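K.L.:
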Amino acid sequence: MNLGLSEIRRTPGRFAAIAGAVGFIVFLALILAALSDGLYLGSTGAYRTTPAQYWVFSPTSGLELSRSTIDGARLEQVAATDGVETAGRLSVFNTTATSEGQDLQLSLLGADANTMPVEIIEGRLPEPEALEVVVDSQVTRKGIGIGSLITPTNGPDLEVVGVAGDAGFGFTTAWAQHDTFLEVRVSVRPELGALEGTSQALGITTDGTTADRIAEATGLSVATPQEAIDALPGASQQKITLNGIVYTTFVVAAIVVGLFFALVTLEKRNEYAVLKAIGMPNRKLVAAIFVQALIASAVGYVFGLALSRVVGLLLPSTVPALFLGETAIALLGVALFMGSLGAIFSFRRVTRIDPANALGGPA
Amino acid sequence: MTSKALEVEGLTKIYGEGHTAVTAVSEASLDLAGNEFVGLLGPSGSGKTTLISMIGALLTPTDGSVRIGGEDISGMSKKEQTRFRANRIGFVFQSFNLVPFLTARENLTVMANVSDLSKKEIGDRADQLLEELGLADRRDNLPEQLSGGERQRVAIGRALVTDPDLILVDEPTASLDTELGKAVVEMLAKEIKERNKAGIMVTHDLRMVEYTDRTIEIVDGRLRI
Ligand SMILES: Nc1ncnc2c1ncn2[C@@H]1O[C@H](COP(=O)(O)OP(=O)(O)OP(=O)(O)O)[C@@H](O)[C@H]1O
Ligand SMILES: [Mg+2]
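As C-alpha cells, this is what we get:
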C-alpha cells in the first residue's frame, strides 16, 4: 500500500487538521463564488432566458436598455427586414413594491410572446391584457409564488401566475406582457407616459442572417446576448472582481498545503533519510506526499462544500447567493490542482535529503 | 565470481578542500568472507560511520573501490545504488530506524516496495523473521508501543527480510542498556550466522565483541586488522 495512505490511516488527526484548514478556505471560496454567480446570473437573465438570438438597441444607446428606445415604426421596420423571423419587445423599469407583506425593489420587465422566458418551472406565462406576471425562480425564496400579488407603488395589483428559471434582471424580477407593462409604468411613473407605445429593445430571431447584416439594413445596434450582458453596467466587472477573490483564496489554499508539507518534511527528515538509505526511491516518497496532498484537498473540499451548503440554507433571501453544480465541480478541480501544487514545493526538500544521514545517529 | 562477500580496496574519504580538508578514512582495505560477522571498533571521530557509509553505497568515496558480492558499487549511478541498497544490503541504524506509522510487520513488508522479491516472498520471510526474533505476538504493534529492544529487533528483521548479501549495523545498542544490548546483538549474530550473511557492526562497546568472528580497529581513519 502507498506509504502516504498508511500514514493517513494511522495518524488521521494531523490530516484532519490540514483538511480542515483547506475546508475552511474552500468554504469561503464557494460562498464567494455563489455570490458571484448569484449576482451575475441574477442581473443578466433577461438576455439569456428568451428565444431571442440577438438584441436590437437604438444606435447611440451603447447597448444599454435604459438608454435605448425603439418606437412602433422601428419595430415594424425590424420585423420586416430580410432574414428576421420573429421580433418582440423588451423593456424594464425599477420601482418599489409590496408583496406578501414585504417591501421590495421590483424590476418589472415587459415582453412579447417572442421575448418571454422559455424556462417555465411552474404555472404559465401571463395572458395578454391581464394584470399577471411570471416571476424569476429566485423570487420564490421570498415566499412569493403562484397566487401572490405584487403591488408596485401607485400601481395595480399584479398576480403571479408562473415561475421562470434564470429570468432575474437585477432586483426582484417579474415579467408582464409588454402592454400590461406599459399600463403599469404609466400609473407608477406618469412622467414617462410620453413614451407610451415604445419599447427599449427588441429581441429577434433570424434565418441565419448575421447581426452585422441586420444592423446594416436597419441602422440599429444589434448584439448577441453575451454582448448585451457585457454592456450591462457593472455586471462583468463585479463578476471578474469576485472571481479574482475566489482564485486568490485558492492560492492561499495552495500556500497552506505547501507550508504544511514543508513542515512535515522538515519534521520527518530522519525518517526520510532512513527510508532512502534502505532503498526507497525518491519517486515513492514524493508519490506519498502527493497522494496525501490530494486526499487532504479532496476531504477539505467535501467539508468546505458541505459547510457552504449548510450556510447557504441559513443565508437570508436578500443575499443573492446561487450555488451552481458546475461552479462546484470547477472549484473541485481548482482545489485539487492547488493542493497538488502546494505538495510539489516539498518534493525538492525530500529529494535533497541525504540518505547518508541515516547513519551515525541523529543528525 | 568470487566467494568474498565484500572487498574494500584503498578506500579513502576526504571531507572538504584545501587547508580545511579532513581525511576521515585513509586507504582502507578489507575483505569479508561470505559468512563473516566482524566488529568495527574505534574511538569517536575515527571514521567508523564514514567507512560503513561508503561500503553501504551511501557516501561517494574520494578514492578506492568497494565490491559487494563481486559487484563494484563505486561506478553506479545514484539510482542504481538505491536499487542495490534495497536488494543487496541490510541496514540497522542507531535510531530513527522504523517508520512510526507502520506496525512491526509492516515495517518489514514495506520492503516489498523496493525489493526484487515478490510481495508474497517478503511476507513469508517477514513472518518467519518475526517469529525467530520473538516478535510474533507484537507484529501488529506500532513502534511507539514497542520497547527499545523490540524496536531494534524489528530493525534487524527489516535488514534481513530482503535476503541481502551484507548487513551493516551502526551502534545498534547505543540506546539500550547493556543486558538488552547484549541480547539484541546475540540475536543479530545468530540470524546473520544462520543465514550465511556477511556483516559489519560498528560499536563502541567492547562487550559486544564476543558475538563477532573478529574485530577490526580504526584509528584516525586507518584500519588495523
Ligand atoms: N560531512 C562531514 N564533513 C566534514 N567532516 C566530517 C563529516 N562527517 C564526518 N566528518 C569528520 O570525519 C571524521 C570521521 O567521522 P565519523 O563520523 O566517520 O567518525 P565515527 O568514528 O563514526 O565517530 P563516532 O564514534 O563519534 O560516531 C571526524 O573527524 C568527523 O569530524
Ligand atoms: Mg559514527
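Those sequence lines, one after another, are chains A and B. Under the numbering used here, think of the first position of the first sequence as 3, with each following residue one higher. Under the numbering used here, think of the first position of the second sequence as 274, with each following residue one higher. Every residue, glycine too, gets a C-beta built ideally from N, C-alpha and C. Just so you know, these numbers come straight off a predicted model, no measurement behind them.
1. With a 10 Å radius around its C-beta and 16 neighbouring C-beta atoms as the bar for buried, classify residue 365 of chain A as buried or exposed.
2. Report yes or no: is there a C-beta of chain A within less than 9 Å of the C-beta of residue 443 of chain B?
3. Counting only beta-carbon separations shorter than 9 Å, does residue 13 of chain A have a partner in chain B?
4. Could you list which residues in chain A have their beta carbon closer than 7 Å to that of residue 374 of chain B, in chain order?
5. Could you tell me the alpha carbon to alpha carbon distance between residue 399 of chain B and residue 470 of chain B, rounded to whole angstroms?
6. Check the DSSP bridge columns for residue 282 of chain B and list the partner residues they point to.
7. For residue 277 of chain B, name the three-state secondary structure that DSSP assigns.
8. When we look at the beta-carbon of residue 180 of chain A and count the other beta-carbons within 10 Å, is it buried (16 or more) or exposed?
9. Between which two residues does the beta strand (DSSP E) holding residue 440 of chain B run?
10. What's the call for residue 52 of chain A, buried or exposed, on a 16-neighbour Cβ count within 10 Å?
11. Between the beta-carbon of residue 18 of chain A and the beta-carbon of residue 326 of chain A, is there less than 9 Å?
12. Answer yes or no: does any C-beta atom of chain D fall closer than 9 Å to that of residue 383 of chain B?
13. In this structure, how does DSSP classify residue 6 of chain A when only helix, strand and coil are distinguished?
14. Determine, using beta carbons only, whether residue 25 of chain A and residue 306 of chain A come nearer to each other than 9 Å.
15. Using the rule of at least 16 other Cβ atoms within 10 Å of the residue's Cβ for burial, across every protein chain shown, is residue 306 of chain B buried or exposed?
16. Are any of the Cβ atoms in chain A nearer than 9 Å to that of residue 496 of chain B?
17. Name the residue from B:482, B:438, B:378 whose alpha carbon lies nearest to the alpha carbon of residue 424 of chain B.
18. Answer yes or no: do residue 58 of chain A and residue 184 of chain A have a C-beta to C-beta separation smaller than 9 Å?
19. I want to see whether chain B comes within less than 9 Å of residue 361 of chain A, judged by CB atoms only; does it?
20. At which residues does the alpha helix (DSSP H) containing residue 216 of chain A begin and terminate?
21. Evaluate the contact criterion for the stretch 319–334 of chain B versus the stretch 290–301 of chain B: three or more CB pairs, one atom per stretch, below 8 Å.
22. What is the rounded straight-line gap between the Cα of residue 327 of chain B and the Cα of residue 383 of chain B?
23. Does residue 325 of chain B come within less than 9 Å of chain A when only Cβ atoms are used?
24. By Cβ distance, which residues of its chain are closer than 6 Å to residue 232 of chain A, with the 5 residues on each side in sequence left out?
25. Would you mind sorting residue 483 of chain B into buried or exposed? The rule is 16 or more other CB atoms within 10 Å of its CB.
26. With distances taken from each beta carbon to the nearest heavy atom of ligand 1, which residues come in below 5 Å, in chain order?
27. Give me the chain A residues within the contact set of residue 370 of chain B, using Cβ-Cβ distance strictly less than 8 Å, ordered along the chain.
28. I want to check one thing, is the minimum distance from the CB of residue 475 of chain B to the heavy atoms of ligand 2 below 8 Å?
29. Would you say the stretch 38–57 of chain A touches the stretch 200–209 of chain A, given that touching needs at least three Cβ pairs under 8 Å?
30. What I want to know is whether the C-beta of residue 443 of chain B ends up closer than 8 Å to one or more non-hydrogen atoms of ligand 2.
31. So, for residue 202 of chain A: in the same chain, excluding its five sequence neighbours on each side, which residues have a beta-carbon less than 6 Å away from its beta-carbon?
32. Comparing the CB of residue 361 of chain A with every heavy atom of ligand 2, is any distance shorter than 8 Å?
33. Quick one, which of A:74, A:268, A:295, A:245 has its alpha-carbon nearest residue 258 of chain A's?
34. So what's residue 164 of chain A in DSSP terms, helix, strand or just coil?
35. Does residue 357 of chain B come within less than 9 Å of chain A when only Cβ atoms are used?
36. Using 8 Å as the threshold, is the stretch 96–106 of chain A in touch with the stretch 141–153 of chain A, meaning 3 or more CB pairs across them?
P.N.:
So, from the data block:
1. Caution is warranted here: a pLDDT of 43 is assigned to residue 365 of chain A, below 50, making its placement in the model unreliable, and the coordinate value is therefore given only provisionally. A residue is called buried once 16 or more other Cβ atoms fall within 10 Å of its Cβ, and residue 365 of chain A, having fewer, is exposed.
2. Chain A contact via Cβ: present.
3. Residue 13 of chain A counts as touching chain B.
4. Ordered by position in chain A, the residues that pass the 7 Å Cβ test against residue 374 of chain B are 8, 9, 12, 13.
5. Spanning the two alpha carbons is a distance of roughly 17 Å.
6. According to DSSP, residue pairing for residue 282 of chain B in a beta bridge involves B:338.
7. Shown here, residue 277 of chain B sits in a strand according to DSSP, grouped into three states.
8. Label assigned to residue 180 of chain A: buried.
9. From DSSP, the beta strand (DSSP E) with residue 440 of chain B extends over 439–443.
10. With 16 or more other Cβ atoms inside 10 Å of its own Cβ, residue 52 of chain A counts as buried.
11. Taking 9 Å as the Cβ cut-off, residue 18 of chain A and residue 326 of chain A do not qualify as a contacting pair.
12. In the displayed structure, chain D is absent; the protein chains listed are A and B.
13. Judged by DSSP in its simplified three-state form, residue 6 of chain A adopts helix.
14. A distance below 9 Å separates the beta carbons of residue 25 of chain A and residue 306 of chain A.
15. That one is exposed.
16. Chain A, which has no Cβ nearer than 9 Å to the Cβ of residue 496 of chain B, makes this no.
17. Nearest to residue 424 of chain B by alpha-carbon distance, out of B:482, B:438, B:378, is B:378.
18. No, these two residues do not count as a Cβ contact at 9 Å.
19. Residue 361 of chain A has a beta carbon lying within less than 9 Å of a beta carbon in chain B.
20. Taken as a continuous stretch (DSSP letters only), the alpha helix (DSSP H) holding residue 216 of chain A covers 213–220.
21. They touch, by the three-pair rule.
22. Answer to the nearest angstrom: the Cα atoms are 25 Å apart.
23. For residue 325 of chain B, the answer is yes, since a Cβ of chain A falls inside 9 Å of its Cβ.
24. So the qualifying residues of the chain are 238.
25. When all chains shown are included, residue 483 of chain B counts as exposed.
26. Taking each Cβ in turn, the ones that pass are B:288, B:295, B:297, B:317, B:318, B:319, B:320, B:321, B:322, B:323.
27. What residue 370 of chain B touches in chain A: 276.
28. Yes, ligand 2 has a heavy atom inside 8 Å of this Cβ.
29. Three or more Cβ pairs closer than 8 Å define a contact, and the stretch 38–57 of chain A meets that threshold against the stretch 200–209 of chain A.
30. Yes, ligand 2 has a heavy atom inside 8 Å of this Cβ.
31. Excluding positions up to five away in sequence, the list reads 67, 70, 93.
32. At least one heavy atom of ligand 2 is nearer than 8 Å to the Cβ of residue 361 of chain A, so yes.
33. Closest by C-alpha distance to residue 258 of chain A, out of A:74, A:268, A:295, A:245, is A:295.
34. In this structure, residue 164 of chain A counts as strand in the three-state DSSP scheme.
35. Closer than 9 Å to some Cβ of chain A, the Cβ of residue 357 of chain B qualifies, so yes.
36. Three or more Cβ pairs drawn from the stretch 96–106 of chain A and the stretch 141–153 of chain A lie within less than 8 Å of each other, which places the two stretches in contact.
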